[in-house]
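For the sequence shown, my numbering assigns the number 740 to the initial residue and increments by one for each residue that follows. Heads up, the thing below is written out as structure tokens.
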Amino acid sequence: MLSDLIRVLPIAFLIGVLPGWFWTRCLLASDDYAERLAYTIALSLTLVPAVALAQVYVFGTGVTSTVAVLSAGLVFLTGLAAHLVLGPAKGAVVPLLRPPSPPGLSALVPLAAGVALALGMLFGVVSGDWVMIPIALLVLAAGALYWWSLRGRSLLPREEATEGSGLEVSAATRYGLLSAVLLLVLARGYLGPLVRGWPYPRGVDRYEHAVMAGMMMTEGSNESFMLYPPGFHLLTAMLSRLSGLEPLGVFPVLAPTLPLLGALALYALARRLWGWEYGVAAALFSGLLLGGTFMHFAEARYPNFLGEYFLVVLTLAALAAMYAAPSARGGLLLALLGSSAVLYHQIASYSVAVMLGLVSVFFLPYLLLKERRKGVSLLASLALLFLLSVLYAWDTYDLPSLVAGLLGGSETTGRGGEAVAMAIGTKPANGPAHFLMTLSHPVLWLGLLGLVLLIADRRNARGLPDALVRLTLLMWTVLLFVGSLTSYSGFPDRFERDLGVPLALLAGLALVTLLRSLWASRAGGRAAFAVALTATLLCATLLGTQAALNLEEAAGPSPRPKDRPAPPEVVAAGRWLEEHNTGGSIIATPYLDYVPSRGMLAMGGYTGMQSYDAARIRRARDLPPFGARPLWDALAVMYDPASERARRVVRENDVRYVVFHKRYPGLNWRLFERHKELYRTAFENESVVIFA
């Protein structure tokens, strides 16, 4: 374990952290080291793969060690030069929004009742999805009473300084609290390997990412395998080249750190909006209490962390800063971060495109009319963001064919259009009753309360920038909520998980506001203090119980069998394939126990042929770019190995081995034994047989 960490972590620092340090100093005005770290990682993950991608295209090679070193070095040196010439960014670092006023007695009573009912549901005292309805009604009632109570309060004076909640603590205390939260987030990722034995990789998606990272190392492109942006696989290829570990060896080391990025990003956003204490609370909800975070980790959906949980969040933080204090440096930061989502994930690209499209339609014209300088700065930044996004997406989504098809100049819309057509309307939505599984009680209920707090206390808004930030956060939350409820979003399950990100931010807002109400209630008499204390203790119990359950789950086996490490017999077959890989391709049964055929490709070092079961091919969703025909060809070999079609497929695709899971339903591996003139047994154990 230690040897793998020592080999990979320093390389990850040199590739994913150090190159962006001077760029951050040059583009971001901040005195907070944790916030700087978040943007440093984001700019490294943006610029280093982009430079590597340019080299791969220009020289027509794969990702070599030279490409990796040059990419990181160029980003670092250009950032250093920019910092020396332009100097560090300067500007105000006070929070952009005033924090909500603490809720009073009338709002805390229904909140305490709702949290108590949620605790009963969590402990199994009450059961059934129907319980979510009264909990939601009680939380909304608390928000409504809070909103009503504000009508009788006077506005905060405009000159009031609001650094967060006004809590003055030392820097050591602030960073100590944040460090404790981040250590818990790391524990959630690394407990599985520590308890279950190293390495303990989770999730079947790691196989497809390993194959595409291998393709980046050898071919410089992954477009023939899946319609997937190249950023994550470029990054993995560089780490693999410099560390000497295969991609499947890199993932167990670095994957547990990915939830840390989401926690850091929400800290940076919440700190920029309300203050450091809100940032710490948001990081806690994101990294330790949010269910979707661990689900993506357990399923090895690594690019989701870099896209929706990290880059999108920091893009919104950069956008909020542009609302308040537009500048050329802030505009460049927004353009770089916003466009980088296109490098990593389709859903992140979709979310950023819709949100910034709405900003361009509804906010930008108003700014151009009322505050021309601010509007022009934002327009220039969005234009640069659009240009960079088009460059990143040009090959991945076959934009020329897509545009020609949409304008009627072509009968096809290319890979991008076909992928959209495959996804739209083909996956049903789970519905709100499923939210608890992906969000958790604390995130859902306190996030709902935080949403009301965000809207209700708008009378104390600091003018137009404050209003635009609130509207943007509301728009972000509503967009993901609507996307989670309709199959026409294409990926309602992904939108459901991503909904947890803004709700975690708002839950942090609600938690700190509740703690402030406990402090403020001391002057309101014993009854007010008792209710505030009760509500606070109930929320703390809810958070603590959920955190303990999440850490217990992290230390245990993956809840879904297919997300667990591969069985030893399958691993042995994969190792044999790797040792005997002399080129060509292989065909494997669609699944080997719960390991997909891509697992054999990844373990053996192959890129084809992919194989799906017949039902999945007919469903025609998430098919590889080459379409369904090669998938049917692979099944044809499995079903009738001596047919003329099978001979043609083997010959045209240079198939060297056929891999069978002996208990795969509907297929008889002994058919291959009967045709010794065509196939011979090259490897066999209790579960797997390989024919040459």
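Even for Gly, the Cβ is constructed at its ideal location relative to N, Cα and C. Since this is a predicted model, take the numbers as computed values, not measurements.
In the structure shown, PHE964 falls within a coil segment according to DSSP collapsed to helix, strand and coil.
Cα atoms of LEU1108 and SER1120: separation of roughly 17 angstroms, rounded to the nearest angstrom.
Between the segment 1397-1407 and the segment 1278-1286 there are fewer than three C-beta pairs closer than 8 angstroms, too few to call the two in contact. Judged by DSSP in its simplified three-state form, TYR1330 adopts strand. By the neighbour-count criterion, in which a residue is buried when 16 or more other Cβ atoms sit within 10 angstroms of its Cβ, PRO1300 is exposed. Boundaries of the alpha helix (DSSP H) around VAL920: 910-935. Going by beta carbons, VAL1093 and LEU1218 fall inside the 8 angstroms limit. Cβ-Cβ separation between PHE1174 and LEU1187: approximately 10 angstroms, too far for a contact (criterion under 8 angstroms). Among the bridge pairs identified by DSSP, HIS1173 is matched with none. Taking THR1216 as the centre and dropping the five residues before and after it, the same chain places the C-beta of LEU1190, LEU1238, PRO1241, LEU1242 and LEU1245 closer than 8 angstroms to its C-beta, in chain order. By the neighbour-count definition (other C-beta atoms within 10 Å, threshold 16), LEU825 is an exposed residue. Note on LEU876: under 16 other CB atoms within 10 angstroms of its CB, so exposed under the neighbour-count rule. Around the beta carbon of ASP770, a 10 Å sphere encloses fewer than 16 other beta carbons of the protein chains shown; the residue is thus reported as exposed.
For PRO758, same chain residues with a beta-carbon under 6 angstroms away, outside a window of 5 residues either side, are SER783, VAL787, ALA811, VAL814 and PHE815 in chain order.
With 16 or more neighbouring CB atoms inside 10 Å of its own CB, MET1339 falls in the buried class. Looking from the CA of TYR929, the closest CA among ALA1064, LEU744, SER979 and GLU1423 belongs to LEU744. Given a length threshold of 4 residues, each whole run of the alpha helix (DSSP H) inside the segment 797-828 is given here in chain order: 804-825.
Closest in alpha carbon position to LEU923, among THR996, ALA1327 and PRO841, is THR996. By the criterion of a C-beta distance shorter than 7 angstroms, ILE780 is surrounded in its chain by GLY755, VAL756, GLY759 and LEU1000, once the five residues flanking it on both sides are discounted. Scanning its chain for C-beta atoms nearer than 6 angstroms, with the 5 sequence neighbours on each side dropped, one finds around PHE1024 the residues VAL1182, ALA1243, ALA1246 and GLY1247, in chain order.
In the displayed model, PRO969 falls within coil according to three-state DSSP, outside both helix and strand.
In the three-state scheme derived from DSSP, where H, G and I count as helix and E and B as strand, TYR1396 is classed as strand. Setting aside the 5 residues that flank it on each side, PRO940 is surrounded in the same chain by LEU987, PHE990, PRO991, ALA994, ALA1039 and PRO1304, each with a C-beta closer than 8 angstroms to its C-beta; the list follows chain order. SER1078 and GLY959 have their C-alpha atoms roughly 21 angstroms apart.
If only complete runs of 3 or more residues are kept, the segment 1277-1347 shows the beta strand (DSSP E) at 1324-1327, in order along the chain. Around the Cβ of ASP1393, a 10 Å sphere holds fewer than 16 other Cβ atoms; the residue is exposed.
Within the same chain, PRO968 come within 6 angstroms of THR1135 by CB-CB distance, once the 5 residues on both sides are set aside.
Only exposed fits ALA1354, as fewer than 16 other CB atoms lie within 10 angstroms of its CB. Assignment of THR1225 by DSSP, reduced to helix, strand and coil, places it in the coil class.
In the pairwise beta carbon analysis, the segment 1057-1070 is classified as not touching the segment 1030-1046: fewer than three pairs are separated by under 8 angstroms. A distance of 8 angstroms or more separates the beta carbons of LEU1097 and LEU1073.
With fewer than 16 other beta carbons inside 10 angstroms of its own, LYS829 counts as exposed. Under DSSP, THR1420 forms a beta bridge with PHE1430. Cβ contact annotation for GLY818 (same chain, cutoff 6 angstroms, sequence separation greater than five): PHE761 and TRP762, in chain order.
Within its own chain, the residues whose Cβ lies closer than 8 angstroms to the Cβ of TYR914, once the five positions on either side in sequence are excluded, are TYR772 and ALA773, listed in chain order. Contact annotation: LEU973 and VAL802 have beta-carbon atoms nearer than 8 angstroms.
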